[in-house]
Ligand code: ADP
Ligand code: ADP
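Below is the structure:
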């Protein structure tokens, strides 16, 4: 069945059309890549999914629910890892994850938090604040934060920007494992090799349009 359905979505910033009539369906369990150069509209599309950007027109559903009229439910189904790293400096890693669990009404989430800390190699950083974390650790905390409520659909917006090779690989191992457990993964990237290595299906965006969408195999053969 369908994880996400995007129909006729348009978004402009003043005179600039960031998204032009986007139609896109992503199936449950897919590892889907959104590939395109800077400015193609990837972040705008992800922003609309997450409710941070208001679309001008069109409809978006997540697991069959409209993102506007069923905002609370769709928000719970999504785990969005944004590009920009922002944390409250006054909370430790564990407190950050506990607070975020609270947003979703989860009272005792310690089992899930411990699992995430282990999986993302943050266990020995649990009691320190974001100011003491390296860039790579902050990136991992950002991912953990997006996953505390165990969402069905995980969206990663350029997650490996500025991340070293070793961390990148362990990050991918974890994301691949989530996908094998049935989670839908959406990844935006401007690296063709990254999309090729990971995704089942890839959409290529440019100047607010999807110019190509196909399975990885067909896409590689057509380039
Ligand atoms: P990306 O790395 O996704 O291409 P950009 O560098 O285009 O991101 O933009 C980074 C952030 O700055 C975006 O989140 C967007 O909201 C904002 N932004 C981008 N372009 C403009 C613009 N022309 N005017 C105002 N804000 C912008
Ligand atoms: P991508 O993520 O593919 O790099 P974006 O969605 O960030 O693309 O940007 C698409 C276009 O919209 C770019 O030209 C960008 O400068 C512009 N843009 C993005 N956010 C804003 C904003 N808040 N205000 C004005 N222009 C923006």
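Residue numbers (UniProt numbering): 2 to 224. Note that the Cβ used here is the ideal one computed from N, Cα and C, for glycine as well.
Query	Result
Taking 8 Å as the cut-off, decide whether the C-beta atoms of residue 149 and residue 117 are in contact.	yes
Go ahead and pull the three-state DSSP assignment for residue 190.	strand
Closest to residue 24 by C-alpha separation, out of 213, 219, 138, would be which residue?	213
Three-state secondary structure (DSSP) at residue 104?	helix
My output table needs one value for residue 16: the three-state DSSP class, helix, strand or coil.	coil
By the three-class DSSP mapping on this structure, what secondary structure does residue 153 have?	coil
Going by the CB atoms, is the gap between residue 11 and residue 67 shorter than 8 Å?	no
Quick one: residues in its chain with C-beta nearer than 6 Å to the C-beta of residue 83, no 5 flanking neighbours on either side, listed in chain order?	158
With distances taken from CA atoms, which of 209, 105, 92, 223 is nearest residue 72?	105
Kindly confirm or deny that the region 91–107 and the region 170–187 touch, where touching means at least three C-beta pairs closer than 8 Å.	no
Whose CB is closer than 6 Å to a heavy atom of ligand 2? List the residues in chain order.	14, 17, 19, 37, 39, 40, 41, 42, 43, 44, 45
Taking the alpha helix (DSSP H) that residue 145 falls in, what are its first and last residues?	136–148
Give the range of the beta strand (DSSP E) segment to which residue 80 is assigned.	79–82
For the candidate residues 121, 32, 199, 50, whose alpha-carbon lies nearest to that of residue 74?	50
Using the Cβ count rule (16 or more neighbours within 10 Å means buried), how would you classify residue 209?	buried
Going by DSSP, name the residue or residues bridged to residue 66.	63
Looking at residue 41 and residue 206, is the spacing between their C-beta atoms short of 8 Å?	yes
Quick check on the DSSP output: the beta strand (DSSP E) that includes residue 215 runs from which residue to which?	210–216
Taking its Cβ as the centre, do 16 or more other Cβ atoms sit within 10 Å of residue 110, making it buried, or is it exposed?	buried
Between the alpha carbons of residue 89 and residue 131, how many angstroms are there, rounded?	8 Å
Spell out the partners DSSP gives residue 204 in its beta bridges.	35, 214
Residue 204: buried (16+ other C-beta within 10 angstroms of its C-beta) or exposed?	buried
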